[in-house]
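What follows is a set of notes on a single structure, which appears directly below.
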Amino acid sequence: MKPFRGERLYQIFSFAVIGLLSLASAYPIVYVVSMSLVSEQEWIQRNGFIFIPFHPTFLAYERLFAGSVFTNALTVSVLRAVIGTALTLTMTMIGAYVVSRKRLPGRKIFLFLILVTVLFNSGLIPTYLVVKDLHLLDTFWSLIVPGLIDSWSLLVLKQFFEGIPQEIEESAEVDGVNDWSLMTRIILPMSKPALAAIGLFIAVAHWNSWFDAFIYINSPDWMPLQLIMRNMFANANIGSDFNPTSVLNPAQRVSTESLKMAVAVIGTVPILLVYPFLQKHFAKGMYLGAVKG
């Protein structure tokens, strides 16, 4: 059937809008990657505005990975994302399972207290004092323990667990299955989409977080990549730290902007690599978490 003229115009308009939005979304990424591949000489010759480099170079990445501070920060960020996500997801999942049990004594009180922590924050100074009293300042665990349970994710998982048919749990209880086995052998396998979605949120939050490290960490040994990135963007003279005085050839020197963009690329790539593998579970988990039983 031949489409009407109005429908044809609508399709052209829709494709044009989608194309413009795609270009607008891709442009910053292409620009950042291109800027990370520019030498100081080309940066000066082209007055700092470069979309596609004429002579791409990986000098910025080489200089970054040649320094122990950057590689150590990258290691801390990876460890934080992996360990923090695993522990936070585990503790949040256990808490969600517990408060989803209707036979739990004081269940409404626990839910009210959890909801309060979602709506209201304890404040920076009280949180800092708690971390200090726990002797966690300037340690890796100061980046993990304060956020060990995500209240919002706990409520989402609780809602998901309550949507699992009651008959399945009753059948397991008749067979003599205890709560731990019920959670690990029945509830969790049925909750993989929701756990994948929540886990992705938690991992991204850990990976992108820098402010808690800014408050709790003083030693360079435990600074994550995001804090190093923040310091680089705030320090206009950071380029001199990665350009040895022995390097006199401008073509072998790295501009400050190239270093900043290289750090931005490195900070973005891990999430871009992980997301496609979890996209299916992410979409399904959000749907199941929004629709109860």
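Position 239 of the sequence shown, counted from 1, bears residue number 239 in the working numbering, the numbering being contiguous throughout. From the three backbone atoms N, C-alpha and C, an ideal C-beta is built for every residue, glycine too.
Considered as a whole, the region 62-102 harbours 68-99 as its complete alpha helix (DSSP H) runs of no fewer than 4 residues, in chain order. The three-state reading of DSSP puts Ser36 in coil, since its state is none of H, G, I, E or B. For the pair Met261 and Phe58, the Cα-to-Cα distance works out to about 12 Å. Trp207 counts as buried, since no fewer than 16 other beta carbons sit within 10 angstroms of its beta carbon. Pairing Leu227 with Ala213 gives a Cβ-Cβ distance under 7 Å. Thr184 sits exposed, since fewer than 16 C-beta atoms from the chains shown fall within 10 Å of its C-beta.
In this structure, Pro224 places its C-beta atom within 7 Å of the C-beta atom of Val76.
Boundaries of the alpha helix (DSSP H) around Thr117: 107-119. If you check the CB distance, Ala96 and Leu157 come in under 7 Å.
Counting along the chain, Val254 sits inside no alpha helix (DSSP H), nor does DSSP assign it H or E at all. Classified as buried, Thr256 has 16 or more neighbouring CB atoms from the shown chains inside 10 Å of its CB. Using a Cβ distance threshold of 7 Å, Val130 and Leu111 do not count as a contacting pair. Cβ-Cβ distances below 7 Å link Leu182 to Glu169, Ala172 in the same chain, with the five nearest sequence neighbours on each side left out; the list follows chain order. Going by C-alpha positions, Thr117 is about 39 Å away from Leu259.
Between Gly267 and the set Val78, Gln45, Gln41, Thr88, the nearest pair of CA atoms involves Val78.
Look at Leu148 here: in three-state DSSP terms it is coil, with no helix or strand label. Per DSSP, the unbroken alpha helix (DSSP H) holding Val204 starts and ends at 192-208.
Between Leu136 and Thr88, the C-beta spacing is not below 7 Å.
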